[in-house]
Amino acid sequence: MEIGETGNIIFTFKNNGHANSPFYNAKLNSNNPLITIEEPNAEVGQADIAEIFSVSSDFTIDATYEENIITISCQLEAQYYGILAEAELHIGAPIEDFETGDFSKFEWFSEGDAQWEIDNSVYYQGSYSAVSGNIDDGQKSVLKIDIDILNDGEISFYRKVSSETGWDHLFFYIDNVEKNKWSGDENWAKFTYNIPKGLHSLKWVYEKDWSVSSGSDCAWLDDIVFPPFGSINITHGKEITKPQTSISVFPVPFTSKVNFAFNNIQLQNFRIEIYDLTGKKVFSDSKDLINVENYNYTWYGSDVEAGIYLYKIIAGNQAFFGRIIKAVSYTHLTLPTKRIV
Ligand SMILES: [Ca+2]
Ligand SMILES: [Ca+2]
């Protein structure tokens, strides 16, 4: 979808708990006033065990909107807990030109024997490109992204290769199907491929055979233009499940600090975000964990006001959502005892 257009967003939830849930209210929210949610409030009613239900609304993007990202959140309110789901939609023609100087603009992954890197000496446009990692014979360097494409569209990118002709290649795959490969000395050129709506995995692989290296022995990418897409961790038309309780949060309510304790699960790449009820992020933190078991995280929510907050914890491919309550804390005053003179 494009600026000025009307879109529709659907959040789908499943009651994954062991009981019928009490009454649900749903609130849809955007981070930007130029995005109008047509039906921001919905009453979902009660959800039975395993029931799947959806919250949806049309939304419009004002013609003056200049960003390429829209965030729409959906907050479910039940009697004892809430769930906050966030959809990040990349609209217009999202471009990865690597001008951030890193891989932070989108959710890039690296696989193989060496990571892709940023190159600030060879590029098609601007000052940066991505270049395959430094690998030996028989090795490969993989750059990968998973995206949820909103409508049938096209992906295009510029590539440059300098390798052993016929043996060391840059491959491009969509959903693990090879779409093209290049080797030898190939200057910057643009390639375009059709890609249908839905979830897809895109992969660029520089791969060497068992001997001989030629040229710069690498491949470069620049100016990747995606079709409009949603990030993979979002809820666009997909099922979100409230995870089972392998997390305990205490005390409830808290006054000075709250503990998130994980039992019998392994965590990695821990990220926590805390929101107030208007959807505003009041805290975030992350820890580089590598398969840590029985992890305990403490949040000192001393600078936030008393009230209800929603937490979102992402750790590897696990997600935890829930509600915490900060109670009013009282300062006990000691009255002076009367002194007898
Ligand atoms: Ca560039
Ligand atoms: Ca070779």
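Read in my numbering, the sequence shown has 181 at position 190, and its numbers run on one by one without any break. Glycine included, each C-beta is placed from N, C-alpha and C at the ideal position. The model shown is predicted, which means the values in this text are computed figures rather than measured ones.
Verify the contact flag: residue i, CB atom, against every heavy atom of ligand 2, threshold strictly below 8 angstroms.
i, result
"LYS131", "no"
"SER207", "no"
"ASP213", "no"
"LYS199", "yes"
"ASP159", "yes"
"ASP385", "Residue 385 is absent from the structure shown; the chain starts at -8 and stops at 332."
"ASP104", "no"
"SER153", "no"
"ASP139", "no"
"SER123", "no"
"VAL203", "yes"
"ASP128", "yes"
Output needed for residue i: all residues of its chain with C-beta closer than 8 angstroms, excluding positions within five of it in sequence on either side, in chain order.
i, result
"ASP166", "HIS191 and SER192"
"ASP88", "GLN116, GLY117, TYR119, ASP213, ASP214 and ILE215"
"ASN254", "SER237, ILE238, SER239 and ASN285"
"ILE350", "Missing from the structure shown is residue 350; the chain here goes from -8 to 332 and no further."
Can you determine whether any heavy atom of ligand 1 sits closer than 8 angstroms to the C-beta of residue i, and answer yes or no?
i, result
"SER112", "no"
"SER412", "Because the chain spans -8 through 332 in this model, residue 412 falls outside it and cannot be assessed."
"PHE89", "yes"
"TYR302", "no"
"TYR115", "yes"
Report buried or exposed for residue i, applying the criterion of at least 16 other Cβ atoms within 10 angstroms of its Cβ.
i, result
"TYR291", "exposed"
"SER132", "buried"
"ILE40", "exposed"
"ASN11", "exposed"
"GLY221", "buried"
"GLY270", "buried"
"PHE312", "buried"
"GLN37", "exposed"
"LYS199", "buried"
"SER202", "exposed"
"ASP127", "exposed"
"LYS151", "buried"
"ILE225", "Caution is warranted here: a pLDDT of 38 is assigned to ILE225, below 50, making its placement in the model unreliable, and no coordinate value can be reported."
"LYS233", "At LYS233 the pLDDT is 43, less than 50, meaning the model places this residue with poor confidence; the figure from the coordinates comes in the next sentence. With 16 or more Cβ atoms within 10 Å of its Cβ, LYS233 is classed as buried."
"PRO218", "buried"
"ASP143", "exposed"
"SER64", "buried"
"ALA306", "buried"
"SER21", "buried"
"PHE241", "exposed"
"GLU145", "exposed"
Excluding five sequence neighbours on each side, which residues of the same chain lie with their C-beta closer than 6 angstroms to the C-beta of residue i?
i, result
"GLY175", "THR156"
"SER153", "ASP176, GLY206 and SER207"
"GLY228", "Caution is warranted here: a pLDDT of 32 is assigned to GLY228, below 50, making its placement in the model unreliable, and no coordinate value can be reported."
"VAL319", "ALA297"
"LYS90", "One detail in the question is off: residue 90 reads as Glu in this sequence, not Lys. If we look at GLU90 and ignore the five residues flanking it on each side, its Cβ neighbours are GLY117 and TYR119."
"LEU339", "In this structure the chain extends from -8 to 332, so residue 339 is not present and cannot be described."
"LEU280", "LEU258, GLN259 and PHE261"
"VAL35", "TYR15, ALA17 and PHE44"
"ILE265", "VAL273, PHE274, TYR300 and TYR302"
Could you pull out every residue in the same chain whose Cβ sits closer than 7 angstroms to the Cβ of residue i, ignoring the five residues on either side in sequence?
i, result
"GLU169", "PHE162"
"ASN59", "HIS81, ILE82, GLY83 and PRO85"
"ASN6", "SER12, ALA38, ASP39, ILE40, ALA41 and GLU42"
"ILE316", "VAL243, PRO244 and ILE299"
"SER147", "LYS181, PHE182, THR183 and VAL216"
Every unbroken beta strand (DSSP E) inside the segment 254 to 332 [3 residues or more]: Runs of the beta strand (DSSP E) spanning 3 or more residues and lying entirely within the segment 254 to 332 occur at 261 to 267, 272 to 278, 287 to 290, 298 to 306 and 309 to 317, in chain order.
Enumerate, from N- to C-terminal direction, the unbroken alpha helix (DSSP H) stretches of 4 or more residues contained entirely within the segment 162 to 202. Within the segment 162 to 202, no complete alpha helix (DSSP H) run reaches 4 residues.
Decide yes or no for the touch test of the segment 85 to 102 against the segment 111 to 131: beta carbon pairs closer than 8 angstroms, at least 3 of them. Contact between the segment 85 to 102 and the segment 111 to 131 is present: 3 or more CB-CB pairs across the two stretches fall below 8 angstroms.
Along the chain, which unbroken stretches of the alpha helix (DSSP H) at least 4 residues long are found entirely within the segment 119 to 168? Runs found: none.
Quick check for students: name the residue ranges of the beta strand (DSSP E) that lie wholly in the segment 79 to 105, counting only runs of 3 or more. If we require 3 residues or more, the beta strand (DSSP E) runs fully inside the segment 79 to 105 come out as 100 to 103.
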